[in-house]
Amino acid sequence: MAIIMLGAPGAGKGTISTRLAEAYGIPQISTGDILRGEVQSGSELGKQAKSHMDSGGLVPDDLIMDCIRVRLSREDCRKGFILDGFPRTIPQADALGGLLGELGFTLDAVVNLEVPEEVLMRRLTSRRTCSNAACQAIYNIHTKPPKAEGVCDLCGSTLVQRADETEEVIKNRLAVYAKNTFPLIDYYKASPAYFAVPCLDADATVRDIRARLE
Ligand code: AMP
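Per our numbering, the sequence shown starts with residue 26, numbered consecutively.
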């Protein structure tokens, strides 16, 4: 099963992908999480990616394709995967098409999560993320607060606001989304796998998507 989650930053791709990954027993592959892990470990890829990420811009396509090729070739992806935050440009989508063919997958779903812009902004500025690279659990100070302020429920590490979640950087990320990633909706619209769902209530969104996949 191969699923692509599309949607602006803050649309809920991470939350919905995690829930679907649990339901279908396949991994959620977030290029953002992979890149943050590389930055934390100080790898060469992390060094090259960091400045793009800090400003809210996109990491170059060739670096992303190298990383996704390695990740999708791993054993745990044999039954399928949910792509969260990838592809983000038309060249990435073209390259993914070739890679899926090589790996023997066809797309089961391209899900576009629809959320009004003012909701995106509110969600992104109130998000807190676990600082433990192996955990990276996501909270929202209004709608999903941790049990103890500033502390991860799952692993006890400190919660932080991501460096790319200041208001100025968020505006840039939304502008980058509009320019580079929004065109992917037209790219995939003709595919029978494409559909859009509102993402205001995670339970309802997961139910909608599962019903479409039955
Ligand atoms: P995310 O956690 O998905 O919002 O990603 C955080 C940051 O990682 C983005 O703002 C980009 O700088 C970078 N990134 C993640 N996925 C991609 C991708 N598919 N292509 C280019 N850059 C990416």
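Virtual Cβ for every residue (Gly too), placed ideally from N, Cα, C.
Straight-line Cα distance separating A159 from G181:
Looking at the backbone, the Cα of G181 and that of A159 are separated by about 12 Å.
Anticipated Cβ contact below 8 Å, L31 with L209, distance rounded
Between L209 and L31 the Cβ distance is about 6 Å, and since that is below 8 Å, they are a contact.
For E139, which option in I166, R235, I28 and G35 has the closest C-alpha, if you only look at C-alpha atoms?
Per the Cα distances, G35.
Is the beta carbon of R96 within less than 7 Å of some heavy atom of the ligand AMP?
The nearest non-hydrogen atom of the ligand AMP is 7 Å or more from the C-beta of R96.
Apart from the five residues just before and just after A118, which ones in its own chain have a Cβ nearer than 8 Å to its Cβ?
Excluding residues within five positions, the ones whose Cβ falls inside 8 Å are P112, L209, Y212 and Y213.
Within this structure, are the beta carbons of A227 and G37 separated by less than 8 Å?
In this structure, G37 lies closer than 8 Å to A227 by Cβ.
In angstroms with no decimal places, state the Cα-to-Cα distance between A134 and R187.
One C-alpha to the other measures close to 29 Å.
I240 by DSSP, collapsed to three states: which one?
Residue coverage of the chain in this structure runs from 26 to 239, which leaves residue 240 outside it and unanswerable.
For the segment 84-97 against the segment 45-65, are there 3 or more C-beta pairs whose distance is under 8 Å?
Result yes; three or more Cβ-Cβ pairs closer than 8 Å.
So what's D211 in DSSP terms, helix, strand or just coil?
In the structure shown, D211 sits in a helix (DSSP, three-state: H, G or I).
Is it buried or exposed, G39, if we count other Cβ atoms within 10 angstroms and call 16 or more buried?
It counts as buried.
Output yes or no for whether 8 Å exceeds the beta carbon distance between D79 and D189.
Yes, Cβ-Cβ distance for D79 and D189 is below 8 Å.
Is T56 near the ligand AMP, judged by its Cβ being under 7 Å from some heavy atom?
True, at least one ligand heavy atom lies under 7 Å from that Cβ.
Based on DSSP bridge pairs, tell me the residues matched to R155.
According to the sequence displayed, residue 155 carries Cys and not Arg. Answer by DSSP bridge pairing, in chain order: L184.
Quick one: what's got a C-beta closer than 8 Å to D242's C-beta in the same chain, skipping five residues either side?
This structure does not reach residue 242, given that the chain is present from 26 up to 239, and the question cannot be answered.
Rank E192, M26 and P223 by C-alpha distance to the C-alpha of R152 and give the top, closest one.
Distance check between R152 and each of E192, M26 and P223 places E192 closest, using alpha-carbon atoms only.
Under 7 Å from any heavy atom of the ligand AMP, does the C-beta of F207 make it?
No, Cβ of F207 sits at least 7 Å from all heavy atoms of the ligand AMP.
Going by DSSP, what residue range makes up the alpha helix (DSSP H) through D109?
Counting along the chain, no alpha helix (DSSP H) covers D109; the unbroken beta strand (DSSP E) around it starts and ends at F106 to D109.
Let me know the secondary structure DSSP gives I166 once reduced to three states.
It is coil, neither helix nor strand.
So does F106 have its beta carbon nearer than 7 Å to some heavy atom of the ligand AMP?
No - the ligand AMP has no heavy atom lying nearer than 7 Å to the Cβ of F106.
Between the Cα of L184 and those of V144, A27 and N165, spot the shortest distance and give me the residue it belongs to.
Minimum Cα distance to L184 is reached at N165.
Under the three-state DSSP convention, the category Q73 falls into:
Of the three classes helix, strand and coil, the one that applies to Q73 here is helix, per DSSP.
Based on Cα-Cα distance, which residue from I163, C155 and G123 lies nearest to R148?
When each option's Cα is compared against that of R148, the closest is I163.
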